[in-house]
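One structure is given here, and the rest of the page talks about it.
Residue numbers (this note's numbering): 446 to 504.
Below you can see the structure in the form of structure tokens.
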């Protein structure tokens, strides 16, 4: 399974300018690229979903 995690898929993602700015600022605060920040956030959401908790989504 680790070898699959190293494979990266490309995705075209359209975002509003305001969302882009928010993500860019957040990424900078966390010392990540915007791409890295989006991947991190999606990974965290998937982990929460697998745990069956919706706390982060409900706040």
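By construction, the Cβ of each residue, glycine as well, lies at the ideal position given by its N, Cα and C atoms.
*asked:* Would residue 490 pass as an interface residue toward chain C - the criterion being a Cβ-Cβ separation below 8 Å?
replied: Annotation note: the requested chain C is absent from the structure, which comprises a single protein chain.
*Pull up the distance between the alpha-carbon of residue 486 and that of residue 455, whole angstroms please.*
17 Å
*From 463, 488, 478, 494, residue whose alpha carbon lies closest to that of residue 450*: 488
*Buried or exposed: where does residue 466 fall if 16 or more other Cβ atoms within 10 Å of its Cβ makes it buried?*
By the C-beta density criterion, residue 466 is exposed, having fewer than 16 other C-beta atoms within 10 angstroms.
*Would you mind giving the Cβ-Cβ distance between residue 478 and residue 470, rounded to the nearest angstrom? I have them listed as a contact below 8 Å.*
Residue 478 to residue 470, Cβ: 13 Å. No contact.
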